[in-house]
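Asks: After the structure tokens below, expect a handful of questions from me.
Chains as they are written, first to last, in this note's numbering: chain R, 269 to 553; chain B, 727 to 1095.
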């Protein structure tokens, strides 16, 4: 028997190693899934933002996107289903030095966590919410969710979905978000830029990231593999900055309007708090 | 001051600087007091959209470095169960006050109940141990709230204060000491960047790094290893969950506080907690006047249950009378601990009012015969 020479191993460095918990890789996401792309863009945005990493915390809920917090080398929290936002609210208010980012999915943030989402936006609490929208519950095997387009098939809507989906930018804007953008995982550079803006924005900023789910949603609806989804995003998406979010609905095979929809100034929760603090201190006790 | 106000003041004395809550009778006064006092002390008061959010917000605030509390009653307590579990799993110090009212469901919003005692013990899913204290006066509500904060930090766990509507709303003199004991947060001894693992100390409680200190901690509700990373297998589950239970069970002596009156030489013991213990004590005094050898065992700590002491007492007495405003919850624990050595007589009141001392007295008389 001849001896096979051991090949030289060249240690590869991950381009995002500075912010990834490499000991936790490989990640759990399927091939063709967009969550990794969204995470990559977030890390890029964080690097560009110039924010001190020790003062940035990431909070996730439950689900595929909810696993993101576990891969990032920041103070990171993987909370219960739907509860990332109220957890982050407590964290943010307890330590005003912190920048708090919520990275989670559509089911987590908008179905079970929907009430928390609208109230955090209403309060204009200083936080960035990144919502990876893959139109279904991936972690549990592809069930219908609050963003599943009407008539789309999932494992719990096998004949088609009889509900209207939420239009997330409209929901965020109507609830009071001061920054609202939507991109697909095809638009990596624009997404990264948007996330940088969102991170530096004071108040409640929201970025929706449309992502493929080749294992469940895309397969159930015969939309193709990950690469087909990229092609479809290229064909069906249209960039319209300042677009009226009321009209930004998404159909199963229709046009996807992307861009920065809302970027306004409004006093944040902490601005009001400062005013109240001054009022309290001004009064003789 | 009222019990609810005493609770809020106790929390503030103990260094609580974050309160998240949602209005609910009969605990609303705690939130109102906190809303008034927190800005005066540079603390945070926030009214959340519901009790699920309130519970989560105090967990977040605790990791942000503040002593944090919420207060509620039955319906809100039910909503908090989900993330009480997250607090236990992530070993997050915080205090949850339940001013109990009559239930189930909306029940008796303005009237007394003690029906949540087993929910306190078993309300969130999975395997765990919990610490719950129960005050029977505004002064005790103050003192036990202080104690709850210290136990929470010492054992890195949520601590419950199980009060009731009568104790919350009654007004009595409360002495606020100049200084109260303060157990500081258990911080890691190594600088940030060295390690990301936080093994438990000898007492099974690990140190805790706050957010923003540079440790880049990971915290998850999933079964996890000492780095905080999810490892969902049998071995890790055994190691983690057994420690979470044992860190409390192994320190029962430190955690359990009882108030005993005339237990030595007694034939009948009234064993109770909260407002029912006060009515019970009255009945004990009446029984003594009649020459009955009666004693009182008041549970200031309800969970973990003082089974060793109850067993010891059981071997020396004829019976326990257990008045409580529910269909018999703690009576089951007394029965279990007594293990047949003494008779256990539950005295159940469905809520909306208190026991008549006369009814407890009758039970004592019968048991003494």
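For each residue, glycine too, the CB sits at the ideal point set by N, CA and C. Values in this document were obtained by computation on a predicted structure and should not be read as measured data.
Classify residue 430 (chain R) as helix, strand or coil using the three-state DSSP reduction.
Replies: Residue state, collapsed to three classes: coil.
Asks: With a Cβ-Cβ cutoff of 9 Å, do residue 850 (chain B) and residue 807 (chain B) count as a contact?
Replies: Taking 9 Å as the Cβ cut-off, residue 850 (chain B) and residue 807 (chain B) qualify as a contacting pair.
Asks: Evaluate residue 772 (chain B) with the Cβ neighbour count: other Cβ atoms within 10 Å of its Cβ, from every protein chain shown; 16 or more gives buried, anything less gives exposed.
Replies: Answer is buried; the Cβ neighbour count reaches 16.
Asks: Quick check on DSSP: helix, strand or coil for residue 384 (chain R)?
Replies: Note: residue 384 (chain R) maps to helix in three-state DSSP.
Asks: Does the beta carbon of residue 947 (chain B) come closer than 9 Å to any beta carbon on chain R?
Replies: Closer than 9 Å: yes.
Asks: In the DSSP output, which residue or residues are listed as bridge partners for residue 1049 (chain B)?
Replies: BP columns for residue 1049 (chain B) point to B:1073.
Asks: Just the chain R side, please: which residues come within less than 8 Å of residue 776 (chain B) by C-beta, in chain order?
Replies: The answer, in chain order, is 383.
Asks: Report the CB separation of residue 422 (chain R) from residue 488 (chain R) in whole angstroms; it is logged as a contact under 8 Å.
Replies: Contact flag correct, Cβ pair sits at about 6 Å.
Asks: Please list, in chain order, the residues of the segment 920 to 947 of chain B that have any C-beta partner in chain R closer than 9 Å.
Replies: If the cut-off is 9 Å between Cβ atoms, the segment 920 to 947 of chain B has 922, 935, 936, 937, 938, 939, 940, 941, 942, 943, 944, 945, 946 and 947 near chain R.
Asks: Check whether the segment 455 to 468 of chain R touches the segment 380 to 390 of chain R, counting contact only when three or more Cβ pairs, one atom from each stretch, lie closer than 8 Å.
Replies: Cβ pair count under 8 Å is below three, so no.
Asks: Just list the residues that DSSP pairs residue 773 (chain B) with in beta bridges.
Replies: Paired residues: B:747.
Asks: Apart from the five residues on each side of it in sequence, which residues of its chain come closer than 6 Å, Cβ to Cβ, to residue 305 (chain R)?
Replies: Once the five neighbours on either side are set aside, the close Cβ partners of residue 305 (chain R) are 453.
Asks: Can you confirm whether residue 791 (chain B), when its beta carbon is compared against all beta carbons of chain R, has any partner nearer than 9 Å?
Replies: Yes, residue 791 (chain B) counts as interfacial toward chain R.
Asks: Could you tell me which of R:417, R:504 and R:340 sits nearest to residue 285 (chain R), measuring between CA atoms?
Replies: With distances taken between Cα atoms, residue 285 (chain R) lies closest to R:340.
Asks: In the DSSP assignment, the beta strand (DSSP E) including residue 858 (chain B) goes from what residue to what residue?
Replies: Looking at the DSSP string, the run of the beta strand (DSSP E) that includes residue 858 (chain B) is 857 to 859.
Asks: Cβ of residue 887 (chain B) within 9 Å of Cβ of residue 824 (chain B)?
Replies: For residue 887 (chain B) and residue 824 (chain B), yes; Cβs fall inside 9 Å.
Asks: Could you name the residues of chain R that residue 765 (chain B) contacts, counting a contact when the two beta carbons are closer than 7 Å?
Replies: Result: 544, 545 and 548.
Asks: At 8 Å on the CB atoms, spell out the chain B contacts of residue 344 (chain R), in chain order.
Replies: Correct list: 942, 943, 944 and 945.
Asks: What is the residue span of the alpha helix (DSSP H) that residue 941 (chain B) lies within?
Replies: Run containing residue 941 (chain B): none; DSSP gives neither H nor E here.
Asks: When you compare each of B:768, B:1055 and B:856 to residue 810 (chain B) by their alpha carbons, which one comes out closest?
Replies: It is B:856 whose Cα lies nearest to the Cα of residue 810 (chain B).
Asks: If contact means a Cβ-Cβ distance below 9 Å, which residues of the segment 351 to 369 of chain R contact chain B?
Replies: Taking 9 Å as the Cβ-Cβ cut-off against chain B, the residues of the segment 351 to 369 of chain R that qualify are 351, 352, 353, 354, 355, 356, 357, 358, 359, 360, 361, 362, 363, 365, 366 and 368.
Asks: Give every residue of the same chain whose Cβ lies closer than 6 Å to the Cβ of residue 792 (chain B), excluding the five residues on either side of it in the sequence, and list them in chain order.
Replies: Cβ neighbours of residue 792 (chain B) beyond the five flanking positions: 743 and 744.
Asks: Give the single residue among B:765, B:749 and B:746 whose Cα lies nearest to the Cα of residue 547 (chain R).
Replies: Of the candidates B:765, B:749 and B:746, the one whose C-alpha sits nearest the C-alpha of residue 547 (chain R) is B:765.
Asks: Compare the C-beta of residue 415 (chain R) against all C-beta atoms of chain B and say whether one is closer than 9 Å.
Replies: No, no contact with chain B.
Asks: Could you check the C-alpha separation between residue 1020 (chain B) and residue 762 (chain B) for me, to the nearest Å?
Replies: Rounded to whole angstroms, residue 1020 (chain B) to residue 762 (chain B) spans 45 Å at the Cα level.
Asks: Only counting the same chain, and skipping five residues up and downstream in sequence, which positions put a Cβ closer than 6 Å to that of residue 505 (chain R)?
Replies: Answer for residue 505 (chain R): 452, 524 and 526, listed in chain order.
Asks: Among B:924, B:987, B:1039 and B:833, which one has its Cα closest to the Cα of residue 1065 (chain B)?
Replies: Minimum Cα distance to residue 1065 (chain B) is reached at B:1039.
Asks: Within this structure, are the beta carbons of residue 447 (chain R) and residue 472 (chain R) separated by less than 9 Å?
Replies: Yes; because the gap between Cβ atoms is below 9 Å, this pair is in contact.
Asks: So residue 889 (chain B) and residue 997 (chain B) are supposed to be a Cβ contact under 8 Å. How far apart are they, rounded?
Replies: Not quite, the Cβ-Cβ distance comes to about 18 Å (not below 8 Å), so this is no contact.
Asks: Counting contacts by CB-CB distance shorter than 9 Å, is residue 746 (chain B) in contact with chain R?
Replies: With 9 Å as the cut-off, residue 746 (chain B) counts as an interface residue toward chain R.
Asks: Say whether the segment 944 to 959 of chain B touches the segment 907 to 919 of chain B, bearing in mind that this needs 3 or more beta-carbon pairs closer than 8 Å, one atom from each stretch.
Replies: The segment 944 to 959 of chain B, when compared against the segment 907 to 919 of chain B, does not touch it at the 8 Å Cβ threshold.
Asks: Measure how close the beta-carbons of residue 1000 (chain B) and residue 861 (chain B) come, nearest whole angstrom, since I'm counting them as under 8 Å.
Replies: About 7 Å separates the two Cβ atoms, so the contact holds.
Asks: So what's residue 950 (chain B) in DSSP terms, helix, strand or just coil?
Replies: Residue 950 (chain B) falls in the strand class under three-state DSSP.
Asks: With 16 as the cutoff for other CB atoms within 10 Å, does residue 503 (chain R) come out buried or exposed?
Replies: With fewer than 16 Cβ atoms within 10 Å of its Cβ, residue 503 (chain R) is classed as exposed.
Asks: Run through chain B and tell me which residues come within less than 7 Å of residue 322 (chain R), C-beta to C-beta.
Replies: What residue 322 (chain R) touches in chain B: 938 and 940.
Asks: Using beta carbons (cut-off 9 Å, strictly below), is residue 824 (chain B) in contact with chain R?
Replies: With 9 Å as the cut-off, residue 824 (chain B) does not count as an interface residue toward chain R.
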